[in-house]
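Just below is one structure, and these are the notes that go with it.
In this note's numbering, the protein residues as written are 16 to 930.
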């Protein structure tokens with residue numbers, strides 16, 4: 016634990032943490048000093064000299080002077096006030112007068128108002144060069160004071176190193192490090208430079224220009240036209256960044272990172288920070304649409320829509336039984352909506368046919384982690400993970416897919432943590448890795464066994480932990496004995512020396528941590544991959560102890576963890592109770608007041624198969640564009656066409672919605688009340704910042720409307736009531752409520768007691784398995800479902816790009832489209848040369864299952880023989896390429912291994928649009 020220091024500020028005794036500065040101590044005393052080069056997220060530099068104080072009579076800059084026990088600090092003497100005023104006035108003198116206008120929201124303008132410095136003290140001519148080339152970041156060089164905060168933010172927090180200070184003396188200004196326009200720089204539009212800028216030199220365009228997190232929530236008399244501020248949780252990836260939404264006249268003025276965000280610590284990415292334009296897109300659905308006899312979708316009222324859904328569902332149940340109805344819930348919906356949806360299916364319809372998109376991504380994580388440790392979530396809090404002295408990052412590209420996590424991991428490595436990256440591609444963190452393992456796609460299990468072999472062979476294991484807290488040691492040791500570095504090199508393509516180096520780094524670390532992504536799970540043997548990766552943490556005794564920070568999956572969507580937590584699964588009730596367990600069903604039945612079916616329901620692939628076979632009569636798809644995100648798109652489309660009745664709840668008329676018989680206009684995450692669960696199991700509040708457009712409803716309201724039309728009362732009249740009921744249903748969440756989250760902030764499950772804490776770190780006393788032990792997995796390596804051949808000589812891996820999210824339905828309807836306007840196919844220059852493909856050229860990609868059209872991007876990030884693309888533009892048809900191979904344990908698709916060929920010069924039959 017960090018110690019504390021006691022010192023005196025202007026006669027007042029204050030206590031601060033060890034390592035604090037005098038500026039921190041002054042703030043703790045309630046005294047505010049100007050500090051124009053300082054930001055609590057950055058290292059201090061003391062260049063502006065505006066925070067001058069006297070410490071033991073000595074004149075010092077408070078921001079760079081460490082607090083020391085017993086120090087007496089003086090801030091209020093007239094002499095000090097004059098010195099600080101003179102320092103600020105000197106800085107202001109070269110700026111144009113409009114920098115200090117009465118309504119300018121910048122930190123500098125506020126400081127000047129406090130010090131009595133006005134526009135008349137600013138003598139700059141203005142008229143300098145602007146750079147408005149970027150959709151989100153604009154530069155006014157006339158307002159730059161060369162404080163360097165933006166440069167340090169880009170380096171110390173984001174880790175992109177895209178900015179520099181250029182020029183000399185008074186002409187020094189910030190500029191992109193590449194020397195050209197901002198739009199052509201390495202900037203990833205995290206917004207950190209915008210948020211730290213004290214003058215408005217670096218701003219974002221729009222009505223909230225100049226607003227920053229540092230100024231937004233200041234406890235000072237507010238201006239009459241100051242925006243309202245709504246705190247919520249980001250609705251893009253699963254990091255769970257806390258955001259403050261500034262709202263003016265019912266519209267979003269800005270979305271800012273919360274300085275006290277439990278995961279993001281005052282940082283954000285391009286999506287959460289800027290990609291909110293989708294909320295006001297003219298393409299938003301604003302009224303229910305029903306398919307007419309002529310095949311067109313026509314507007315109807317909500318009463319008519321709810322009545323029609325009720326009639327069709329009741330008809331299917333009466334004619335074919337409850338199991339003829341199925342539903343796909345949503346990782347984009349709140350916990351409360353997912354809870355209500357599974358309750359609707361189980362109590363109103365009478366079936367367990369409900370699943371969610373974790374089936375397509377992290378179902379192997381749930382199955383593997385439960386088998387190894389007992390619970391389906393990551394083992395440790397991310398705040399501990401970034402304290403690890405060795406990071407093993409596997410099958411993940413957090414720099415692009417989870418940028419805030421990627422930035423924090425990178426900073427850990429730059430501070431000295433050893434970094435091992437295992438991924439076929441040269442992902443962002445690989446450039447900073449001590450060793451980068453590049454296994455052939457589909458060979459993860461062999462790689463992990465090879466690492467385990469070295470740990471055992473070189474006695475880099477925790478014998479006491481294995482003896483007292485683990486089972487299966489002998490079986491694993493016998494299996495991995497044959498996975499020598501040389502044999503693993505033959506199987507995976509990873510050089511034996513690199514494998515040994517990586518194992519030694521992880522094995523000799525004092526506090527290692529494992530972070531992994533979909534490159535582990537989305538394989539034919541994804542569950543085996545998770546279990547054999549978990550073996551490494553068990554061998555090291557690095558899970559559930561103070562010797563390490565466990566095994567931690569990065570979740571892809573904002574609430575993919577929560578959707579499963581809430582029981583939107585065919586075999587599990589809320590809190591992961593099995594539907595086959597009579598005691599679990601009885602507990603749910605006592606709360607819900609009705610019977611719960613005992614037979615597990617259909618998984619998503621089984622739903623589509625049942626529809627094609629004619630046994631599924633009705634399907635409700637909530638907020639998932641399955642025609643864009645699910646594998647083997649042709650089979651998905653045939654299933655939707657075959658199903659007699661399809662309901663789709665969506666923001667836009669997606670490809671899936673176009674196949675629906677009824678489309679319900681949904682509210683977005685910016686318009687909802689409830690909670691999400693992030694990747695390290697934190698429940699966090701979601702609050703509505705704006706109203707949904709037109710007649711768009713929350714999914715919570717839509718479910719109530721349909722249930723009512725069917726003659727049922729679902730209870731839970733509010734999202735708060737729904738979480739409270741879930742807490743009564745699931746012991747894992749018994750201590751959680753909206754009231755508690757509003758009072759305390761984020762809380763990690765398990766949280767069984769309203770009066771007790773959550774559980775950020777799991778398994779400190781015992782594992783949640785029946786015998787209380789961690790279970791090592793002795794499973795053999797098996798090859799992937801597809802292999803290249805002469806006809807399809809390349810292996811395709813799919814994933815995400817930094818500017819877009821999932822199917823792109825939201826990000827393509829924002830300024831992000833200008834940052835990444837097309838789908839690209841990454842291929843190695845050697846392969847491109849052999850195929851006669853030029854950079855930027857349109858290409859066709861063909862697999863044994865379908866065809867896609869992309870734009871070539873030549874890069875050595877991809878190994879020879881492999882290609883990579885994302886799936887953010889459905890019109891490109893990427894998921895027409897992927898196969899129907901699935902993990903036998905969980906039915907998760909094998910997105911990461913598809914044999915393909917690439918044909919030069921064949922572009923889109925039509926431009927990729929916004930479908």
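For every residue, glycine included, the Cβ atom is placed at its ideal position computed from N, Cα and C. Treat the numbers as computed from the prediction; the structure is a model and nothing was measured.
#1: Of all the options 451, 865 and 773, which has the alpha carbon lying nearest to the alpha carbon of residue 396?
#2: I'd like to confirm the pairing. Which residues does DSSP put opposite residue 317 in its beta bridges?
#3: Would residue 132 be called buried (16 or more neighbouring beta carbons within 10 Å of its own) or exposed?
#4: With distances taken from CA atoms, which of 44, 583, 875 and 493 is nearest residue 89?
#5: In the region 849-922, which residue ranges form an unbroken beta strand (DSSP E) of at least 3 residues, counting only runs that do not cross its ends?
#6: Throw me the rounded Cβ distance for the residue 571 and residue 252 pair, which I believe falls under 8 Å.
#7: Between 726, 759 and 203, which lies nearest to residue 324 when the distance is taken from Cα to Cα?
#8: Using the rule of at least 16 other Cβ atoms within 10 Å of the residue's Cβ for burial, across every protein chain shown, is residue 744 buried or exposed?
#9: Rounded to whole angstroms, what's the CA-CA distance from residue 80 to residue 59? Just pull it up for me.
#10: Quick check: the region 684-699 against the region 648-655, are there 3 or more CB pairs under 8 Å?
#11: Decide if the region 153-166 is in contact with the region 110-126; the criterion is three or more beta carbon pairs, one per stretch, under 8 Å apart.
#12: With residue 664 as the anchor, note down where its beta strand (DSSP E) starts and where it stops.
#13: Would you check if the region 784-794 and the region 174-193 touch, i.e. whether three or more CB-CB distances between them fall below 8 Å?
#14: Cutting at 7 Å between CB atoms, please list the residues of its own chain near residue 920, excluding the five before and the five after it.
#15: Got a sec? Which residues, its chain only, sit under 7 Å from residue 26 by beta carbon, not counting five neighbours each side?
#16: With residue 588 and residue 603 assumed to form a contact (beta carbons below 8 Å), what rounded beta-carbon distance in angstroms separates them?
#17: Tell me which residues share the same chain as residue 679 and place their Cβ nearer than 6 Å to its Cβ, disregarding the 5 neighbours each side in the sequence.
#18: Excluding five sequence neighbours on each side, which residues of the same chain lie with their C-beta closer than 6 Å to the C-beta of residue 31?
#19: In chain order, what are the residue ranges of uninterrupted beta strand (DSSP E) at least 3 long that sit wholly in the region 199-259?
#20: To which residues of the same chain is residue 777 closer than 6 Å at the C-beta, ignoring the five residues directly before and after it?
#21: What whole-angstrom Cβ distance do residue 420 and residue 254 have, given they're in contact under 8 Å?
#22: Identify, in the order they occur along the chain, each residue of the same chain with its Cβ nearer than 7 Å to the Cβ of residue 104, setting aside the five sequence neighbours on each side.
#23: Are the Cβ atoms of residue 845 and residue 870 separated by less than 9 Å?
#24: Can you find the residues in the same chain that come closer than 7 Å, C-beta to C-beta, to residue 823, ignoring five residues on each side of it along the sequence?
#25: Roughly how many angstroms separate the alpha carbons of residue 609 and residue 277, rounded to a whole number?
#26: Out of 22, 288, 293 and 354, state which residue places its alpha-carbon closest to the alpha-carbon of residue 730.
#27: Name, in chain order, the residues that DSSP records as bridge partners for residue 531.
#28: I'd like to know whether the C-beta atoms of residue 867 and residue 884 end up nearer to each other than 9 Å.
#29: Quick check: the Cα distance between residue 48 and residue 106, rounded to an integer number of angstroms?
#30: Might you give, ordered along the chain, the residues of its own chain that have their beta carbon closer than 7 Å to the beta carbon of residue 385, omitting 5 neighbours on each side?
#31: What separation, rounded to the nearest whole angstrom, lies between the Cα atoms of residue 234 and residue 599?
#32: Could you name the residues of the same chain whose beta carbon sits closer than 8 Å to that of residue 13, not counting the 5 residues immediately before and after it, in chain order?
#33: Can you tell me whether residue 508 is helix, strand or coil according to DSSP?
#34: Taking just the CA atoms, how far does residue 862 sit from residue 807?
#35: If you scan the region 749-824 from start to end, which runs of the alpha helix (DSSP H) of 4 or more residues do you find wholly inside it?
#36: Between residue 181 and residue 200, what straight-line distance do the alpha-carbon atoms span, to the nearest angstrom?
A quick look at the data gives this:
#1: Among 451, 865 and 773, the Cα nearest to that of residue 396 is on 773.
#2: Partner(s): none; residue 317 has no beta bridge.
#3: Its Cβ being crowded by 16 or more others within 10 Å, residue 132 is buried.
#4: Ranking 44, 583, 875 and 493 by Cα distance to residue 89 puts 44 first.
#5: Whole beta strand (DSSP E) segments, 3+ residues: 857-862, 866-873, 881-885 and 913-919.
#6: The beta-carbon separation of residue 571 and residue 252, rounded to 6 Å, stays under the 8 Å limit for a contact.
#7: Answer by Cα proximity: 726.
#8: Buried.
#9: About 9 Å.
#10: Contact annotation: the region 684-699 does not touch the region 648-655, with fewer than three C-beta pairs closer than 8 Å.
#11: Verdict: yes, contact present.
#12: DSSP places residue 664 in the uninterrupted beta strand (DSSP E) bounded by 660-665.
#13: Taking 8 Å as the limit for Cβ pairs, the verdict is that the region 784-794 does not touch the region 174-193.
#14: Cβ neighbours of residue 920 within its own chain (closer than 7 Å, five residues either side excluded): 856 and 857.
#15: Nothing listed; no residue qualifies.
#16: About 5 Å separates the two Cβ atoms, so the contact holds.
#17: The answer, listed in chain order, is 303, 664 and 717.
#18: Within the same chain, residue 31 has close Cβ partners 20, 39, 40, 43 and 82.
#19: You should have 243-248.
#20: Only 394 meet the Cβ criterion.
#21: Sure, about 5 Å apart at Cβ, within 8 Å.
#22: Only residues of its own chain outside the window of five on either side were considered, and among them 132 and 136 have a CB closer than 7 Å to the CB of residue 104, listed in chain order.
#23: It is not a contact, given that the beta carbons lie outside the stated cut-off.
#24: Taking residue 823 as the centre and dropping the five residues before and after it, the same chain places the C-beta of 887 and 888 closer than 7 Å to its C-beta, in chain order.
#25: Each residue's alpha carbon lies about 39 Å from the other.
#26: Taking only the C-alpha atoms, the option nearest residue 730 is 354.
#27: DSSP, once it has assigned bridges, lists 409 and 568 as partnering residue 531.
#28: Yes, Cβ-Cβ distance for residue 867 and residue 884 is below 9 Å.
#29: Linking residue 48 to residue 106 through their CA atoms gives a straight-line distance of about 16 Å.
#30: Result list for residue 385: 391, in chain order.
#31: In this prediction, residue 234 has a pLDDT of 47, which is less than 50 and means its spatial position is unreliable; nothing more can be read from the coordinates.
#32: No answer is possible for residue 13: it lies beyond the span of the chain, which begins at 16 and ends at 930.
#33: Residue 508: coil per DSSP, three-state reduction.
#34: If I take the Cα positions, the gap works out to 7 Å.
#35: Here the runs fully enclosed are 753-759.
#36: Each residue's alpha carbon lies about 15 Å from the other.
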